[in-house]
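Student: So that we are looking at the same thing, I have put the structure below in structure tokens.
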Amino acid sequence: MNGRPPNSLLVGVPSKGRLQENAHAFFARAGMTLVQPRGGREYRGTVPEVPGVEIVYLSAAEITSQLAQGGLHFGVTGEDLLREMIPDADKRVVLIDGLGFGHANVVVAVPQAWIDVRTMHDLDDVATAFHQKHDRRMRVATKYVHLTRVFFARHGISDYRIVESLGATEGAPATGAAELIVDITTTGATLAANGLKVLDDGIMLRSQANLVASLEAKWGERERAAARALLDRVCAERQARTMREVRTRFPQADAELVAEATGRFGVQAPLGGPTSSGMLTLLCAPDRVHELAIFLREAGAETVMVASPEFVFSSENALYDALAKRLGR
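For the sequence shown, position 33 (counting from the first letter as 1) is numbered 404 according to this note's numbering, and the numbering increases by one without interruption.
Here is the structure:
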């Protein structure tokens, strides 16, 4: 990370493919443009809307490694990599927000021909019998060595050995390299095509891309200020998705009506109560909008207009507050 401006907030973003596209879209929804001054092959970028932020383009694995070492303040990476590459992840990073893309499950999959093996308990019995019959332990092919050991230990399974996979893990049982696998899957179609099935209780981790903060990084005043500015936008966009802006006007509006609307429909009055002109602005959950509109109309509203806010900023920022708590205020 040499050559960066002093006190920059470093944010790791995937350097290519669908993950990069989705990461760019995530920041764009929050009103932030990721700019690569010298084009798509540039591995550094900026966020013009938030001074003091520098984007660093890396692979998802490199982002995870840099978060663990404190080389990045924030990074976009999958939870599966975090849990695998950082055994004590919860002590060294903070998962700020699930981003809604990169969904995949880390699973235990066995040959479909093992018709009597449906659960981890069944697998434990098979592992013991396999060892007794073949005088060797059952092999598990995987890239997820740490996650496998933790999950198998949780289920009391010890009669196995791990074969680290460097290629297409799902092909290991067919080639005789292993008896079963632990791998990541989105639909399970590739596993099925290779004659494998996921155990009923064999989902080890439901992963997705996350915005992650490093507890190992240097967090001075400037870095914290930039983080707050960045997370303000993320939080405001996320909050806006949960609300609809309801505007109405009628001479009969009063504090009592607002109180009733709040109690019945859980609305918020972000701009205060009714104005002298009779204008009233409320925030309401999307699934309560029609009920609220009918209530306001029956109370004498002349017109009820509903819009989707782009951002809803408030005095509190739950995302930043969670990070600040871990960093120590």
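From the three backbone atoms N, C-alpha and C, an ideal C-beta is built for every residue, glycine too.
Would you call the CB atoms of Asp451 and Leu576 closer than 8 Å?
Tutor: On the sequence shown, residue 451 is found 80 positions in, with the first residue counted as 1. On the sequence shown, residue 576 is found 205 positions in, with the first residue counted as 1. Cβ distance < 8 Å, so Asp451 and Leu576 count as in contact.
Student: If Arg612 sits next to Phe636, beta carbons under 8 Å apart, how far is it from one beta carbon to the other, in whole angstroms?
Tutor: Here residue 612 refers to the residue found at position 241 of the sequence shown. Here residue 636 refers to the residue found at position 265 of the sequence shown. At roughly 18 Å, the Cβ-Cβ gap does not stay under 8 Å, so Arg612 and Phe636 are not in contact.
Student: Flag this pair as touching only if the stretch 433-442 and the stretch 453-466 have three or more C-beta atom pairs under 8 Å; answer yes or no.
Tutor: With a cut-off of 8 Å, the stretch 453-466 and the stretch 433-442 count as touching, because enough Cβ pairs lie within range.
Student: What are the partner residues of Asn581, as DSSP defines its beta bridges?
Tutor: Along the sequence shown, one-based indexing puts residue 581 at 210. Beta-bridge pairing links Asn581 to Thr448 and Gly469.
Student: Rounded to whole angstroms, how far is the Cβ of Ala480 from the Cβ of Leu381, which I believe are closer than 8 Å?
Tutor: Counting from one through the sequence shown, the residue named residue 480 turns up at place 109. Counting from one through the sequence shown, the residue named residue 381 turns up at place 10. At roughly 37 Å, the Cβ-Cβ gap does not stay under 8 Å, so Ala480 and Leu381 are not in contact.
Student: Excluding the 5 residues flanking Ile434 on each side, which residues of the same chain have their C-beta closer than 6 Å to its C-beta?
Tutor: Looking up residue 434 in the sequence shown gives position 63. Result list for Ile434: Gly383, Gly446 and Thr448, in chain order.
Student: Indicate whether the contact test is met: 3 or more Cβ pairs, each with one atom in the stretch 507-517 and one in the stretch 547-567, closer than 8 Å.
Tutor: Contact holds: three or more Cβ-Cβ distances are below 8 Å.
Student: Can you give me the C-alpha to C-alpha distance between Gly527 and Val497, rounded to a whole angstrom?
Tutor: Stepping through the sequence shown from its first residue, residue 527 is reached at position 156. Stepping through the sequence shown from its first residue, residue 497 is reached at position 126. Distance between the alpha carbons of Gly527 and Val497: 13 Å.
Student: Relative to the alpha-carbon of Leu667, which residue among Glu687, Asp625 and Val569 has its alpha-carbon at the smallest distance?
Tutor: Along the sequence shown, one-based indexing puts residue 667 at 296. It is Asp625.
Student: With distances taken from CA atoms, which of Glu669, Met676 and Ala597 is nearest Leu654?
Tutor: The count along the sequence shown starts at 1 and reaches residue 654 at position 283. Of Glu669, Met676 and Ala597, the residue nearest in Cα terms is Met676.
Student: For Gly591, which three-state DSSP category applies?
Tutor: Translated into the one-based positions of the sequence shown, residue 591 becomes position 220. Residue state, collapsed to three classes: coil.
Student: Write down the C-beta distance between Val424 and Ala597 rounded to the nearest angstrom, noting that I regard them as a contact closer than 8 Å.
Tutor: As a position in the sequence shown, residue 424 is number 53, starting the count at 1. As a position in the sequence shown, residue 597 is number 226, starting the count at 1. About 5 Å separates the two Cβ atoms, so the contact holds.
Student: Is it buried or exposed for Pro385, if we count other Cβ within 10 angstroms and need 16 for buried?
Tutor: Taking the sequence shown and counting its residues from 1, the one referred to as residue 385 is at position 14. Under this definition Pro385 is a buried residue.
Student: If you check the beta carbons only, do Arg415 and Val406 fall under 8 Å apart?
Tutor: Within the sequence shown, the letter at position 44 stands for residue 415. Within the sequence shown, the letter at position 35 stands for residue 406. No. Outside cutoff.
Student: What would DSSP say about Leu602, mapped onto helix, strand or coil?
Tutor: Here residue 602 refers to the residue found at position 231 when the sequence shown is read from its first residue. Note: Leu602 maps to helix in three-state DSSP.
Student: Out of curiosity, what's the CA-to-CA distance linking Arg532 and Arg508?
Tutor: Translated into the one-based positions of the sequence shown, residue 532 becomes position 161. Translated into the one-based positions of the sequence shown, residue 508 becomes position 137. The straight-line gap from Cα to Cα measures roughly 6 Å.
Student: Should Ala539 be labelled buried (16 or more other beta-carbon atoms within 10 Å of its own) or exposed?
Tutor: As a working mapping, residue 539 is identified with position 168 in the sequence shown. Ala539 should be labelled exposed.
Student: Classify Lys462 as helix, strand or coil using the three-state DSSP reduction.
Tutor: Within the sequence shown, numbered from 1, the residue matching residue 462 stands at position 91. It is helical.
Student: Using the DSSP secondary-structure output, state which residues sit across from Asp530 in a beta bridge.
Tutor: As a working mapping, residue 530 is identified with position 159 in the sequence shown. Note: Asp530 sits in no beta bridge, so no partner.
Student: Tell me whether Asp461 is buried or exposed, calling it buried when 16 or more other Cβ atoms sit within 10 Å of its Cβ.
Tutor: Within the sequence shown, the letter at position 90 stands for residue 461. With fewer than 16 other Cβ atoms within 10 Å, it is exposed.
Student: How about Ala584: is its C-beta nearer than 8 Å to some C-beta of chain D?
Tutor: Absent here is chain D; the protein component of the structure consists of one chain.
Student: If you reduce the DSSP assignment to three classes, tell me which class Val497 lands in.
Tutor: On the sequence shown, position 126 is the one that residue 497 refers to. Val497 falls in the helix class under three-state DSSP.
Student: Using DSSP bridges, identify the partner residues of Glu413.
Tutor: Locating residue 413 in the sequence shown gives position 42, where the first residue counts as 1. DSSP, once it has assigned bridges, lists no residue as partnering Glu413.
Student: If I measure Cβ to Cβ from Thr561 and keep anything under 6 Å in the same chain, skipping five residues before and after, which residues do I get?
Tutor: For the purposes of this step, residue 561 is identified with residue 190 of the sequence shown, where counting begins at 1. Counting only Cβ-Cβ distances below 6 Å, and skipping sequence neighbours, we find Glu541.
Student: Near Ile574, which residues of its chain fall below 6 Å by C-beta distance, leaving aside the five closest residues on each side in sequence?
Tutor: Here residue 574 corresponds to residue number 203 of the sequence shown, with the count starting at 1. The answer, listed in chain order, is Asn476 and Val478.
Student: Could you give the uninterrupted runs of the beta strand (DSSP E) lying entirely in the stretch 630-681, keeping only those of 3 residues or more?
Tutor: Complete beta strand (DSSP E) runs here, min 3: 650-655 and 674-678.
Student: Can you give me the start and stop residues for the alpha helix (DSSP H) that Leu429 sits inside?
Tutor: Counting from one through the sequence shown, the residue named residue 429 turns up at place 58. Where Leu429 is concerned, there is no enclosing alpha helix (DSSP H), although the beta strand (DSSP E) it sits in stretches over Val424 to Leu429.
Student: Who are the near neighbours of Asp495 in its chain, counting only those whose CB is closer than 7 Å to its CB and skipping five residues on each side?
Tutor: Here residue 495 corresponds to residue number 124 of the sequence shown, with the count starting at 1. Same-chain partners within the cutoff: His526, Gly527 and Ile528.
Student: Report the option in Glu587, Gly559, Leu470 and Ala693 whose CA atom is closest to the CA atom of Ile399.
Tutor: Indexing the sequence shown from 1 puts residue 399 at position 28. Sequence inspection shows Ala at residue 399; the Ile mentioned does not correspond to that position. Answer by Cα proximity: Leu470.
Student: Express the C-alpha separation of Gly649 and His474 in angstroms, rounding to a whole number.
Tutor: Working through the sequence shown from its first residue, we reach residue 474 at position 103. Working through the sequence shown from its first residue, we reach residue 649 at position 278. The straight-line gap from Cα to Cα measures roughly 47 Å.
Student: Looking only at its chain, what residues have a beta carbon closer than 8 Å to the beta carbon of Ala693, apart from the 5 residues adjacent to it on each side?
Tutor: Translated into the one-based positions of the sequence shown, residue 693 becomes position 322. Correct list, in chain order: Val465 and Ile467.
Student: Once DSSP output is grouped into helix, strand and coil, what is the label at Val569?
Tutor: Stepping through the sequence shown from its first residue, residue 569 is reached at position 198. It is a strand residue.
Student: Which residues in the same chain have their Cβ closer than 7 Å to the Cβ of Ala549, if we skip the five residues on either side of it in sequence?
Tutor: As a position in the sequence shown, residue 549 is number 178, starting the count at 1. Closer than 7 Å at Cβ, skipping near neighbours: Arg510, Val511, Ala512, Val534 and Ala543.
Student: Looking only at its chain, what residues have a beta carbon closer than 6 Å to the beta carbon of Ala588, apart from the 5 residues adjacent to it on each side?
Tutor: Here residue 588 refers to the residue found at position 217 when the sequence shown is read from its first residue. Result list for Ala588: Gly441 and His444, in chain order.
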